[in-house]
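Residues 15 to 401 in the numbering used here are what the sequence shown lists, from first letter to last.
Each residue gets a CB set at the ideal place from its N, CA and C atoms; glycine is no exception.
Remember, it's a predicted structure, so these values are computed and weren't measured experimentally.
Written below as structure tokens is the structure these notes are about.
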Amino acid sequence: MRIYLDHNATAAPYPAVVEAVSRVLRDSFGNASSVHAFGQQAKAELDDARVRLADLLGAEPSEVVFTSGGTEADNLALRGAAEALAPTGRRRVITTGIEHEAVLVTARALERAGHPVTILPVGTGGIVDPSSLEEAITDDTAIVSVMHANNEVGTIQPIASLAAMARAHGALFHTDAVQSVGKIPVSVRALGVDLLSLSGHKFGAPKGVGALWVRRGVRLSSTMTGGKQERSRRAGTENVPALAGLGVAAVIARESLPSMAKVARLRDELEEQILARVPGTAVNGDRACRVPNTTNISFDGLEAESLLIALDLEGVAVSTGSACSSGSLEPSHVLRAMGLPHPRTRNSLRFSLGPTTTADEVAFVADRLPALVEKLRRLTATAAALR
Ligand code: PLP
């Protein structure tokens, strides 16, 4: 049995997405910028995808800028806003310590380029307190960037309050919604944001496509320069087949949001089973305010990597946190920012379920884990005694 519980790293494409990608790749190969019929056929596919994605977000199609994924969308939001607003004297960038590297590393690069950067703290539950933004925001703030849902612990941030605060101070507000789109309802108007990033491969579309939603009227410099694609906001020939797949995934995501309640029940069952059957375990992050598919659990007296490998040998795929940092033994920057004690930043695993997860799979993992953990703890203790 092979069990995939790493949907926050990437999700399998829906069969209808695979079909749409193949169809467009085969039948609509024109360049969407070409005037002739081949080009117009490809442009029609692109237009469809834009309308479908806009519908998922409650947005206008003209506000959608297609990108190569979440990382590029985050870069465009932060760098584009910082550059566009610099001449007005607004240079500060405010973000949080639990953002994905696409935001955090970009903020650090902007800092080196002369933009003051403020990193907001989060509480032990992994949620930003809006009062910390109220204290930190200044009249020279260009952009505030706070993720909608965290990729490691799944916590949902109070975006509407934070965005209203940014707006009251004349700053732009960006949210990285890569981990919320497809898992919970995401309406750009209800959130009140100016910029929103998403990534196709997190909700059943192909890898290498995503979008930045840009509220009409927002000034943004381009980071990818060249041709006039995407209303001159993102140069480069669009990946029409993959974007057609993104459009199909957007429709499915919208229709299947109600079924996330089932995913939440399975996640809760897995979590309860682990807490009850494996001693020395605890859930990281606020359990009430998080996306329905994610749980992050620490296992006392273990290195998360060794449990990850033991589970992999049983056919179960999980993660130690963000995909980018697995393979390294770095402690999680998210758990560290939440103020968890050092061992817990290294002994925690993320289980992220998806629409295809079954009760049998959850039962299998819950049955296997107690013995695996006990064995690894014994080995760890023996190794420590021998040192
Ligand atoms: N932002 C968050 C919160 C993510 O979880 C990820 C991917 O792990 C990204 C951004 C990057 O998205 P992409 O893989 O499309 O570049």
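By the Cβ rule, the region 390–397 does not count as touching the region 214–221, because fewer than three pairs are nearer than 8 angstroms.
Look at R304 here: in three-state DSSP terms it is strand. Beta-bridge partners of G224 (DSSP): T81 and S213.
Annotation note: the region 330–396 contains the following uninterrupted beta strand (DSSP E) runs of length 3 or greater, listed N- to C-terminal: 362–366. Under DSSP, N310 shares a beta bridge with R364. Within the DSSP secondary-structure output, I17 pairs in a beta bridge with V330. Between the alpha carbons of S362 and E319 lies a gap of roughly 9 angstroms. With a cutoff of 8 angstroms on beta-carbon distance, L186 and L209 are scored as near each other. Shortest Cα-Cα distance from I288 to any of L70, F365, F43 and A63 involves F365. In the structure shown, S76 adopts helical secondary structure according to DSSP, grouped into three states. The beta carbons of A174 and Q193 sit no closer together than 8 angstroms.
Within its own chain, the residues whose Cβ lies closer than 6 angstroms to the Cβ of V167, once the five positions on either side in sequence are excluded, are G140, N298, G299 and N310, listed in chain order. Taking a 10 Å sphere around the C-beta of E149, we find fewer than 16 other C-beta atoms and assign the residue as exposed. In the structure shown, I133 adopts extended strand secondary structure according to DSSP, grouped into three states.
The alpha carbon of T396 has as its nearest neighbour, out of D153, K276, G315 and V32, the alpha carbon of G315. Per the coordinates, the alpha-carbon of I170 lies some 28 angstroms from the alpha-carbon of L99. With the rule of 3 Cβ pairs closer than 8 angstroms, the region 272–286 does not count as touching the region 317–332. Nearest neighbour of R350 by Cα position, chosen from I112, S42, D20 and T370, turns out to be I112.
With a cutoff of 8 angstroms on beta-carbon distance, M238 and A256 are scored as not near each other. A distance criterion of 7 angstroms places the beta-carbon of H215 in contact range of ligand 1, judged by its closest non-hydrogen atom. For the pair T152 and I133, the CB atoms are not nearer than the 8 angstroms cut-off. Going by DSSP, A258 is part of the alpha helix (DSSP H) stretching over V254 to S270. Pairing G224 with L212 gives a Cβ-Cβ distance under 8 angstroms. Rounded to whole angstroms, the gap between the alpha carbons of V119 and L19 is 27 angstroms.
For the set Q243, A263, A264 and A385, the Cα lying nearest the Cα of F313 is the one of A385. Shown here, V158 sits in a strand according to DSSP, grouped into three states. Residue range T295 to V297 is occupied by the beta strand (DSSP E) that includes A296. T110 carries a strand assignment under DSSP once its states are collapsed to helix, strand and coil.
At a threshold of 7 angstroms, D374 does not count as near ligand 1, since its beta carbon sits no closer than that to any of the ligand's heavy atoms.
Relative to the non-hydrogen atoms of ligand 1, the Cβ of D154 never comes closer than 7 angstroms to any of them. A156 places its beta carbon less than 8 angstroms from that of A95. Two segments are said to touch when three or more pairs of C-beta atoms, one from each, lie closer than 8 angstroms; by this definition the region 71–83 does not touch the region 34–52.
T120: member of the alpha helix (DSSP H) spanning E115 to R126, first to last residue. For H129, the number of other beta carbons within 10 angstroms of its own is at least 16, and it is reported as buried.
V195 sits in a strand when the DSSP states are folded into three classes.
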